[in-house]
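Report on one structure; see the data block that follows.
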């Protein structure tokens, strides 16, 4: 196990051949250490708190199967043929209508583009908006997939610290005054990796700032519908509709293997996004679009969501309880009211990679928080996902992890 | 109908706002006039020879349905979960094994990346290899989707004429001596848009030239398995395995709505292609990968291919016969031994857009060949797809088109 991990921690090899084969941009995409950890974490002998993956027990397998049978029986020829780049219109209508209920947003179906998960949305937005050297503001820490997707287009990244109530508005304002920031990428609800949500006050304050500076906001919201308590807060799309591009996904609320997400953007962006989508892969999987739509048409999504939210809430509660009862008091924890993640902050001197090595030896995996920082910071932080374990596994795993962590911190203090 | 067409023929609007919103690259992606024509062509009152779409009557709907039921029943949790970026290993093993049978190619599964149709392969290859200003050689005419996908990365395009036996080797050699061409994109078997296949001699001659100049060959082969007569010829991947990146797809041989293709490349490319795939959309639709694999495992693909090849051959034969018996002798036709397309060359003075306008009024659609030229040439050419019509529709459509064409040519000669 150790060998794997040491191998992963090494920097990727540099291009050595005399002739330059690869594009400049390739060397700028950070390697996804996270996905490499997920490979280790996927070994059956490992209890994993690493992946931001939904609990497969919550997948509506039977109902999706019925939906698939329905599609093959009644519209097989259509579902298996080429389709338009924008996505299946009834599905876009469904998503548009749902935004009105969940967020009070008035979205037209033609403002929605169906993508291969929201990750593709990020790729298309990068293509559309970013020239080399354009300036992008991120939360610190930030979602690694976004950094990867946007890096391809060689922007210059800026970061402002994420606080308990959202990104630090003062830092944001300073950065915006000093730099022409083109795009701000954020996950304001149950953020990945921290689980933090922006407060109402912070949202309004930031909206004012971004409005003044005319910054495009890319608001990624894959977890918004997985809320355990509290009220839905206005999104940036509510506060600054013209300036905000919103990303959504079925991955967390239905299933990720079906790879369907969407981008919501005003017409001026959408026309060009569709051209970029054509170039990227013509259109999203049409069979999956038809299956998801048939599922949504024949089932009540809210009933499904109630069920999975209860499940995830139980898992969050159990993990928080186990941590509270067993982890050293030196470790700080976020208490998210939704989503899939908790965030641990160990004492300053700690190095989560060292903890991970010991944890993997005990058959436990998680993601060192440093992975989500671009400036090498966050070495003493850890992302734990409470989404993918059942009760027994979680108990075993967290108790083992508490031993590893508590011993590590004790040794650290003795040094 | 006329309004639609005139609207389409207009150039897209330029960005007029004071502030530059979009990336430089966006303005360089050619608008897909083809996909716009396909929108007209998809209207039920239109008989379309425009789309390069497979005949939906040939989709193995029942067997794919059984495959889907099988996947939901036995591996629903796995199929609906996140998966690896490379693609489902058993599917990659199947593809690798098939290359040995069909092309005598020894491909390792780890040299295969599953993509959202081969179109995404082009996007990833562009990302991987092309910096702004890098030089790319294309066939003239060339597949528009490739031009679109690669344009995003702002290369400089070069073209050499496509002859009856492949791209003009003399022109290629001159271009390669005068320019450091990084990448050559070609469809050597039953090319889109012309239906032309490279002769054995031409393949060997070109392989020598590309070997000498160390040009990367991107060989796109979506139609190779739809051969009606004649022997499979060695691909560039056979002739120059290290230098060739090969693209394949299930779109034409099984169904496009399922959006699965693949890239075959040596490890040095593959490692970085996988990172680019992660950034682009994490991984291809896993449910579809499992369904296709289950279909392939439980059915004999060759039996399916025999059936669809017979069908397409009949369609090609009928279209050729109708053209031969009805079209003006002034019109030259390619006679492809596979694939989906015929290519018409009208007298020099003719303008296929003018023909299209009249044809649409008669309820017939096709793609003006000019669409596939980057230098505005080919105004007197037409791509006809024989793939998507049944016998009766084809007869009606080709007879109507012959009236439009013959009248047009007669008037042209009177002018």
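Chains as they are written, first to last, in my numbering: chain A, 343 to 757; chain B, 343 to 757.
Cβ atoms here follow ideal geometry from the backbone N, Cα and C, with glycine treated the same way.
When Cβ-Cβ separations below 8 Å define contact, residue 425 of chain A makes contact with chain B.
Runs of the beta strand (DSSP E) lying entirely within the stretch 508-536 of chain B, each at least 3 residues long, are 523-528 in chain order.
Each of B/749, B/741, B/750, B/687 was checked against the Cα of residue 720 of chain B, and the nearest Cα belongs to B/687. Chain B has a Cβ within less than 8 Å of the Cβ of residue 465 of chain A. Residue 365 of chain B reaches chain A at 469, 470, 471, 472, 473, 476, 495, counting residues in chain order whose Cβ is nearer than 8 Å.
Spanning the alpha carbons of residue 550 of chain B and residue 544 of chain B requires a straight line of approximately 10 Å. Around the beta-carbon of residue 706 of chain A, 16 or more other beta-carbon atoms lie within 10 Å, marking it buried. Setting aside the 5 residues that flank it on each side, residue 626 of chain A is surrounded in the same chain by 429, 456, 457, 458, 602, each with a C-beta closer than 7 Å to its C-beta; the list follows chain order. With contacts defined as CB atoms closer than 8 Å, residue 489 of chain B and residue 528 of chain B fail to qualify as a contacting pair. As computed with DSSP, residue 443 of chain B is found in no beta bridge at all. Distance from residue 460 of chain B to residue 562 of chain B at the Cβ level is roughly 6 Å; contact confirmed, criterion being Cβ atoms closer than 8 Å. Under the three-state reduction of DSSP, residue 481 of chain B is assigned to strand.
Close partners of residue 657 of chain B in chain A (Cβ separation under 8 Å) are lacking, with about 16 Å as the shortest Cβ gap.
By the criterion of a C-beta distance shorter than 7 Å, residue 744 of chain A is surrounded in its chain by 668, 669, once the five residues flanking it on both sides are discounted. Excluding five sequence positions before and after residue 468 of chain B, the CB atoms of its chain that fall closer than 7 Å to its own CB belong to 491, 492, 494, 495, given in chain order.
For residue 478 of chain B and residue 521 of chain A, the gap between their C-alpha atoms comes out near 36 Å.
Residue 567 of chain B carries a coil assignment under DSSP once its states are collapsed to helix, strand and coil.
Using a Cβ distance threshold of 8 Å, residue 618 of chain B and residue 466 of chain B count as a contacting pair. If you look at residue 501 of chain A, you'll find it isn't in any alpha helix (DSSP H); it sits in the beta strand (DSSP E) that goes 498-505. Between residue 454 of chain A and residue 506 of chain A, the CB-CB gap reaches or exceeds 8 Å. The contact set of residue 629 of chain A on chain B, defined by CB atoms closer than 7 Å, consists of 599, 600, 630 in chain order. Within the same chain, and ignoring the five residues on either side of residue 741 of chain A in sequence, the residues whose Cβ sits closer than 8 Å to its Cβ are 664, 668. Rounded to the nearest angstrom, the Cβ distance from residue 390 of chain B to residue 624 of chain B is 35 Å, too far for a contact under 8 Å. Around the Cβ of residue 448 of chain A, a 10 Å sphere holds fewer than 16 other Cβ atoms; the residue is exposed.
Taking each of A/417, A/723, A/590 in turn and checking the Cα distance to residue 711 of chain A, the smallest one comes out for A/723. Cβ neighbours of residue 751 of chain A within its own chain (closer than 8 Å, five residues either side excluded): 670, 672, 673, 688, 689, 692. Contact of residue 726 of chain A with chain B is not assigned, every C-beta pair being separated by 8 Å or more. The beta-carbon separation of residue 470 of chain B and residue 589 of chain B, rounded to 13 Å, does not stay under the 8 Å limit for a contact.
Residue pairing from DSSP places residue 674 of chain B in a beta bridge opposite B/687.
Comparing alpha carbon positions, the residue from B/394, B/416, B/757 closest to residue 727 of chain B is B/394. The beta carbon of residue 367 of chain B lies closer than 6 Å to those of 494, 496 in the same chain, with the five residues before and after it left out.
Assignment of residue 584 of chain B by DSSP, reduced to helix, strand and coil, places it in the coil class. In the structure shown, residue 365 of chain A adopts coil according to DSSP, grouped into three states.
Under the Cβ criterion of 8 Å, residue 395 of chain B is counted among the residues facing chain A. Non-local beta-carbon contacts of residue 638 of chain B in its own chain, meaning distances under 7 Å to residues more than five positions away in sequence, involve 436 in chain order. Close to residue 407 of chain A, with beta-carbon spacing below 8 Å, are these residues of chain B in chain order: 410, 411, 414, 415, 418.
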